[in-house]
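In mature numbering (1 follows the signal peptide of the UniProt record, and there is no 0), the protein residues as written are -25 to -1, 1 to 301.
Idealized CB from N, CA, C, for every residue including glycine.
On a predicted model such as this, the values are computed, not experimentally measured, just so you know.
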């Protein structure tokens, strides 16, 4: 079990690097959530031994097998189950689900069942229980993390991933990933006041800015200072302690990979089976999500029932391709 827990913990950094590269590539998959697992788009586990990979006939069968086996580390939409993985994994279109050793906590990065302790000027505090430690850490801006034993650490933090324990450890998140956004750590944005249609404003909290940006189509980005921008971002600059979230050009649709700026090449097998020009995009999205035979659709409300990869450059277009297994 120690090996499996260590494997789960080490996924974080590699996943962040992979997601950054994929966002630059112009596509990203929206993976439906699954209880007890961390969904990772466009990436898959890579076993340390070939024998640690077993293929099943479907995603559902793979999920059931992983749930039933405590040594399972992860599974993917292709029906593959893994019992070990290296720290980097592999780039692969679709969804992978990494088993979590600990329950997730809002505003915290889950470190897993590892030892944490104070180092240097940091201070260890005992709140008596996991709930009390979490509350204390939430209320203290100098708190860096806590564990289920009631320990919370202020003014510094240190963890040892080589020592496993029975309690889950959590580190206060500074720039966690957000569904539908690309996160930029220690980064802020600036706008040009000379351009029409550009607006930058500030709300009373980051939570309000996030909610506003989610429901406002013209909102481009927001940050943890509570600022948001509507319109083009002129540039980014380094700003320690600030996390900026830039909205993906294509709204995420669970179970589909969104391709930004490309369309299906018409021709042999490229003609849509229908064009629902009287429907709004949200209607098309809902209709396709509920129809397993809808494999591809775009923002011009074209629908394809054959699996086809969009390759034609089309600025402003969002094309969605169903991920196998969903």
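Own chain residues within Cβ distance below 8 Å of residue 233, not counting five before or after: 2, 3, 4, 5, 223, 225, 226, 227, 293, 294 and 295
Cα separation between residue 84 and residue 144? 9 Å
Contact defined as beta carbons within less than 8 Å: I believe residue 28 pairs with residue 55. What is the distance between those atoms, to the nearest angstrom? 6 Å
Where the beta strand (DSSP E) containing residue 273 begins and where it ends: 271 to 273
Opposite residue 120 in the DSSP bridges: which residues? 128 and 146
Who does residue 291 pair with in a DSSP beta bridge? According to DSSP, residue 291 bridges with nothing at all.
Do residue 19 and residue 52 have their CB atoms nearer than 7 Å? no
Considering only the alpha carbon of each residue, which of 158, 64, 71 and 90 lies closest to residue 49? 71
Report yes if the CB atom of residue 120 is closer than 7 Å to the CB atom of residue 147, and no otherwise. yes
Going by the beta-carbon positions, is the gap between residue 108 and residue 127 smaller than 7 Å? yes
Alpha carbons only, please: which of 156, 166 and 290 is nearest the one belonging to residue 211? 166
Alpha carbon to alpha carbon, how far is residue 271 from residue 289? 16 Å
Specify, as a first and last residue, the run of the alpha helix (DSSP H) that residue 258 falls within. 256 to 264
Is it right to say residue 163 is buried, meaning 16 or more other beta carbons lie within 10 angstroms of its own, or is it exposed? buried
List in chain order: all unbroken beta strand (DSSP E) runs of 3+ residues lying wholly within the segment 179 to 224. 194 to 198, 202 to 205 and 210 to 222
Quick one: what's got a C-beta closer than 8 Å to residue 256's C-beta in the same chain, skipping five residues either side? 274 and 276
On the three-state DSSP scale, how would you describe residue 251? coil
Can you tell me which residues form a DSSP beta bridge with residue 100? 127
Return the chain-ordered list of same chain residues with a C-beta closer than 7 Å to the C-beta of residue 104, the five sequence neighbours on each side being excluded. 125
Going by Cα to Cα distance, which pick from 245, 30, 61 and 13 is closest to residue 79? 13
Cβ distance (whole Å) where residue 201 is taken to contact residue 181 below 8 Å: 5 Å
Give the range of the alpha helix (DSSP H) segment to which residue 35 is assigned. 34 to 43
C-alpha distance - residue 208 paired with residue 197, whole-angstrom precision: 11 Å
Less than 7 Å between the C-beta atoms of residue 115 and residue 129, yes or no? yes
Under a three-way DSSP split, which group does residue -1 fall into? Note that residue -1 scores a pLDDT of 48, beneath 50, so its modelled location is shaky and nothing firm can be said.
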